[in-house]
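Engineer: Under full-length UniProt numbering, think of the first position of the sequence shown as 1, with each following residue one higher.
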Amino acid sequence: MKNKYLLLCLVAMAMAFSMPACKKTNQSESADLNGETANSTIAATEAVCPSKGWSSQNGGTTGGGEVTATVVTNYTALKSAIQNTSVKVIQVNGTITIPSGGRISFQDQTGKTIFGSSGAKLISADQTKDNSGIMYIKRCNNIIIRNIIFEGPGAYDVDGQDNVTVDACNNIWVDHCEFRDGVDGNFDIKNISDYITVSYCKFSYLKPPKTGGSGGSDDHRFSNLIGSSDGATADRGHLRITFVRCWWAQGCVSRMPRVRFGKVHIVNNLFNSTVSKSCVQAGFESNLLVESNVFENVKTPIDLMDNTATAVQVRNNLFTSVTGNTSGNGVNAFTPPYSLTILNASSVKATVTASNGAGATLSGNVCSSL
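Shown next, in the form of structure tokens:
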């Protein structure tokens, strides 16, 4: 009898200790944001991935960590979650339309992850100067954005907004996202931003550009601008960025990327837009290491522009059916302070275009292989 009693006590104690552990399940605990509650079941946030490239420096980039995601399925809930500093991990489910003038201001926050479930998409249809754009990220630190399609209405040169802009931020990791059809550009980084990695992202223009904009260009399919002007000299010593295993795909005309001031590592990427006029653009005081990329059926793979770059080093790239310059400026670029698995150029196209390659090709917030 005594042994039976001890056995029952041991069973009860084991159940008591196991119940808290069972609470961490694969279902999210969605927050009620401004009366908008999402009750979809999702996969739990994965373990924190080790950041690579420049975002691994300055203490690394971990985003919101392993806390349970807040699920959003509409614009009101998305905006509220992004602007709520206590919400650290956000999962976007389905397609969310950004209303005219509804560009989301994401400012002055530290430690946050925004990721999409399979097929998650944020769409803006406004082509006006003031009301375009999807998200503006300013003075933020330690941010991860992963597995989201950002779709604009198409290029129109009215000095409008990019799909996403990063302004004065540190330690940003943008991974497995797709940026398409931005009004002014797809994804720009400026104003002393630093320690940034852009990995497995896809940039394209699928919609025809709108002509007659006040800016003067009838084909403003300019994808990525790093540094806003030659006069932005505060950018010196900043704009350290890695673009790795990204894909500048059909429709991109130029700025893949265009760089001023920054130390930018462009490695293992694919460039194959047949409408391109120039791909990597070495602007004022830029320091570029362009290695082990694939340039296929493009014009001017390396654009030295007005020859004011600090260094443009080009090594181990694969050029197929290209026209225009493929050389650097004869000055060796910076040496990256981080370790990164660098593929042979012959393997890049297959890796970047694979079913789990560049773009929003993940099932959620899972780690990339870099």
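Cβ coordinates follow ideal geometry from the N, Cα and C atoms, glycine included. Being a predicted model, the structure only gives us computed values, none of them experimental.
Between the Cα of Val92 and the Cα atoms of Asn84, Ala77, Val158, which residue gives the shortest distance?
Structural biologist: The shortest C-alpha separation from Val92 is found at Ala77.
Engineer: In this structure, how does DSSP classify Leu78 when only helix, strand and coil are distinguished?
Structural biologist: In the structure shown, Leu78 sits in a helix (DSSP, three-state: H, G or I).
Engineer: Specify the secondary structure class of Gln83 as computed by DSSP and reduced to three states.
Structural biologist: Three-state DSSP puts Gln83 in a helix.
Engineer: In chain order, what residues of the same chain have a beta carbon less than 7 Å from the beta carbon of Thr300, not counting five sequence neighbours either side?
Structural biologist: Once the five neighbours on either side are set aside, the close Cβ partners of Thr300 are Lys277, Ser278, Cys279, Gly324, Asn325.
Engineer: Which residues does DSSP pair with Gly116 in a beta bridge?
Structural biologist: According to DSSP, Gly116 bridges with Val92.
Engineer: With a floor of 4 residues, list each alpha helix (DSSP H) that falls wholly inside the stretch 303-365, ordered by position along the chain.
Structural biologist: Here the runs fully enclosed are 345-352.
Engineer: Just reading off the beta strand (DSSP E) that Val71 is part of, what are its end residues?
Structural biologist: Run containing Val71: 70-72, per the beta strand (DSSP E) assignment.
Engineer: Opposite Thr300 in the DSSP bridges: which residues?
Structural biologist: Partner(s): none; Thr300 has no beta bridge.
Engineer: Does the Cβ-Cβ distance between Ala125 and Pro153 come in under 8 Å?
Structural biologist: Result yes, Cβ atoms of Ala125 and Pro153 sit closer than 8 Å.
Engineer: In terms of residue numbering, what span does the beta strand (DSSP E) encompassing Asp175 cover?
Structural biologist: It spans 170-175 - the beta strand (DSSP E) in which Asp175 sits, taken as one unbroken run.
Engineer: Starting from Tyr136 and walking both ways along the beta strand (DSSP E), at which residues does that stretch end?
Structural biologist: Start and end: 135-138.
Engineer: Counting only the same chain and skipping the five closest in sequence on each side, list residues whose C-beta sits under 6 Å from that of Asn293.
Structural biologist: Same-chain partners within the cutoff: Asn269, Asn317.
Engineer: Apart from the five residues on each side of it in sequence, which residues of its chain come closer than 8 Å, Cβ to Cβ, to Arg139?
Structural biologist: Cβ neighbours of Arg139 beyond the five flanking positions: Gln107, Asp108, Asp167, Ala168, Cys169.
Engineer: Going by other Cβ atoms of all chains shown within 10 Å of its Cβ, with 16 needed for buried, is Asp303 buried or exposed?
Structural biologist: Burial call: buried.
Engineer: Consult DSSP for Ala282 and reduce its assignment to one of helix, strand or coil.
Structural biologist: The answer is strand: DSSP assigns Ala282 an E or B state.
Engineer: With 16 other CB atoms within 10 Å as the buried threshold, where does Ser346 fall?
Structural biologist: Ser346 should be labelled exposed.
Engineer: Measure the beta-carbon distance from Val322 to Phe295 and round it to whole angstroms, keeping in mind my assumption that it falls under 8 Å.
Structural biologist: Yes, they are in contact, since the Cβ atoms of Val322 and Phe295 sit about 5 Å apart, within 8 Å.
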